[in-house]
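Everything below concerns the one structure shown next.
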Amino acid sequence: MSHRTELSLPADEPVILVRRRFDAPPALVFRAWTDPELLRQWWLGPPGMVMTHCAIDPREGGAWRMEQMDPGGTQYAFFGEYLRFDPPRRIEQTFRMDMEGLRDEPLIVETITFAAAVDGTQVTARSQCPTIEARDAMAASGMEEGMNASFARLVDLLGEEQAATSFTIDRVFDAPVDLVWACFTQKRHVDVWMLPERFTLIEQDADVSVGGQWWSKMRDQADGAEWHVGGTYREVVENERLVFTHRWTHSPFGTSSEHLITVTFEDRHGRTHMRFAMSGLPDAQSRDGHREGWQQTLGHLEQHLASLRETAS
Numbered sequence: 191m192s193h194r195t196e197l198s199l200p201a202d203e204p205v206i207l208v209r210r211r212f213d214a215p216p217a218l219v220f221r222a223w224t225d226p227e228l229l230r231q232w233w234l235g236p237p238g239m240v241m242t243h244c245a246i247d248p249r250e251g252g253a254w255r256m257e258q259m260d261p262g263g264t265q266y267a268f269f270g271e272y273l274r275f276d277p278p279r280r281i282e283q284t285f286r287m288d289m290e291g292l293r294d295e296p297l298i299v300e301t302i303t304f305a306a307a308v309d310g311t312q313v314t315a316r317s318q319c320p321t322i323e324a325r326d327a328m329a330a331s332g333m334e335e336g337m338n339a340s341f342a343r344l345v346d347l348l349g350e351e352q353a354a355t356s357f358t359i360d361r362v363f364d365a366p367v368d369l370v371w372a373c374f375t376q377k378r379h380v381d382v383w384m385l386p387e388r389f390t391l392i393e394q395d396a397d398v399s400v401g402g403q404w405w406s407k408m409r410d411q412a413d414g415a416e417w418h419v420g421g422t423y424r425e426v427v428e429n430e431r432l433v434f435t436h437r438w439t440h441s442p443f444g445t446s447s448e449h450l451i452t453v454t455f456e457d458r459h460g461r462t463h464m465r466f467a468m469s470g471l472p473d474a475q476s477r478d479g480h481r482e483g484w485q486q487t488l489g490h491l492e493q494h495l496a497s498l499r500e501t502a503s
């Protein structure tokens with residue numbers, strides 16, 4: 191079901207009110223507002239933006255910070271502190287823009303409530319601005335357009351999360367595309383980073399070509415169990431796109447069905463926007479387990495890229 195975003199500016203107080211209904215339960219909508227992995231995918235504003243940094247300390251007194259880049263390379267940063275954190279019902283937070291000329295502006299206080307509704311969740315966001323003039327300037331800055339674009343992404347994300355058969359991970363690496371591509375396709379790099387936490391590599395290899403095979407054998411340091419995985423490359427477009435199948439051929443839980451992984455690479459003014467998408471998962475438990483493993487693994491890639499930069503400097 192499609193729902194419309196309602197935005198209002200009361201004439202007698204410096205407040206912006208936003209109301210929107212989403213077809214998902216409050217716990218999931220609240221999580222989409224507070225989980226860095228999900229925020230990276232929808233809290234972006236107009237088309238073409240990417241999240242380059244997202245840090246959340248989800249508790250009262252905890253800080254949050256999000257940094258974005260537009261297609262022209264301009265950076266935007268937003269930060270604040272949680273004044274109240276009451277999952278899955280309410281968030282109160284301060285909001286500031288960390289940009290030249292705006293850092294010393296009076297802060298905005300946002301209150302976001304998540305109320306159960308017959309067909310999902312009613313979200314109400316109230317932004318208390320310092321003055322009516324500041325409120326009107328904020329509303330006239332393209333806020334509504336960016337908000338509608340963000341909510342359209344959020345609708346898609348909530349649908350994906352409820353279907354429980356796929357997930358997406360977005361990262362912007364401080365490295366050029368050709369280096370990130372090499373880290374995905376050259377054995378000397380893959381041997382270093384392509385492992386989740388707690389695992390050690392036994393051996394791995396890959397024929398990175400359409401129809402080529404890849405495989406990896408790992409050992410869990412906790413119990414010594416071996417995990418074997420592999421698949422076939424379906425698309426290989428240098429520095430742009432990798433598509434390959436993924437199937438567990440040996441694990442403590444037996445074998446698995448075949449899943450599909452798509453990785454895209456996009457240049458962002460010398461940095462790389464990578465989008466990792468995995469689909470064909472059987473249920474939420476499998477999705478969440480694979481997502482956690484790949485988050486850890488891509489964290490190792492980020493560390494490897496940092497070490498390569500340090501060695502080159």
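Just so we're aligned: 429 in the working numbering is position 239 of the sequence shown, and the numbers increase by one with no gaps anywhere. The beta-carbon is built from N, C-alpha and C at its ideal position, and this holds for glycine as well. No experiment lies behind these values; they were computed from the predicted model shown.
| Item | Value |
| --- | --- |
| How many Å lie between S399 and R409 at the Cα? | 27 Å |
| Rounded to the nearest angstrom, what separates F275 and I281 at their Cα positions? | 5 Å |
| What separation, rounded to the nearest whole angstrom, lies between the Cα atoms of I206 and G349? | 27 Å |
| Which same chain residues, not among the five before or five after N162, have their C-beta less than 7 Å away from its C-beta? | The requested residue 162 is not part of the displayed model; the chain covers only 191 to 503. |
| What distance in whole Å lies between the Cβ atoms of G270 and Q258, which are believed to be in contact at a cut-off of 8 Å? | 15 Å between Cβ atoms; not a contact. |
| Whether or not the region 408–422 and the region 374–383 are in contact is what I'm after, with contact meaning three or more pairs of Cβ atoms, one per stretch, closer than 8 Å; do they touch? | no |
| In chain order, what residues of the same chain have a beta carbon less than 6 Å from the beta carbon of S469, not counting five sequence neighbours either side? | S356, L450 |
| Mind checking R194: buried by the 16 CB within 10 Å criterion, or exposed? | exposed |
| Since I believe E351 is in contact with L229 (beta carbons under 8 Å), could you give me their beta-carbon distance rounded to a whole number of angstroms? | That belief does not hold up - the Cβ atoms of L229 and E351 are roughly 13 Å apart, past 8 Å. |
| Quick one, are the C-beta atoms of G336 and G238 less than 7 Å apart? | no |
| Once you ignore the five residues that flank H480 on each side, which residues in its own chain have a CB closer than 8 Å to its CB? | F357, H449, M468, L471 |
| Assign G444 to one of three DSSP states: helix, strand, or coil. | coil |
| According to DSSP, is V398 helix, strand or coil? | coil |
| Could you tell me if E387 is buried or exposed, where buried requires 16 or more neighbouring beta carbons within 10 angstroms of its beta carbon? | exposed |
| Given a cut-off of 7 Å on the beta-carbon distance, is the pair W233 and S340 in contact? | yes |
| Give every residue of the same chain whose Cβ lies closer than 8 Å to the Cβ of D247, excluding the five residues on either side of it in the sequence, and list them in chain order. | A253, W254, Y272 |
| Can you check which of these residues, W484, K407, L495, F220, is closest to R279 by C-alpha distance? | F220 |
| Can you tell me the Cα-Cα spacing of F314 and T445, whole angstroms? | The sequence shown places Thr at residue 314, rather than the Phe named in the question. Between T314 and T445, the C-alpha separation is close to 45 Å. |
| According to DSSP, which residues form a beta bridge with S317? | I206, E300 |
| What does the alpha-carbon distance come out to for the pair K407 and T501? | 29 Å |
| Compute the Euclidean distance between the alpha carbons of V453 and M464, then round it to the nearest angstrom. | 7 Å |
| Short check: CB of H418 to CB of T390, under 7 Å? | no |
| Helix, strand or coil, according to DSSP, for W371 in the structure here? | helix |
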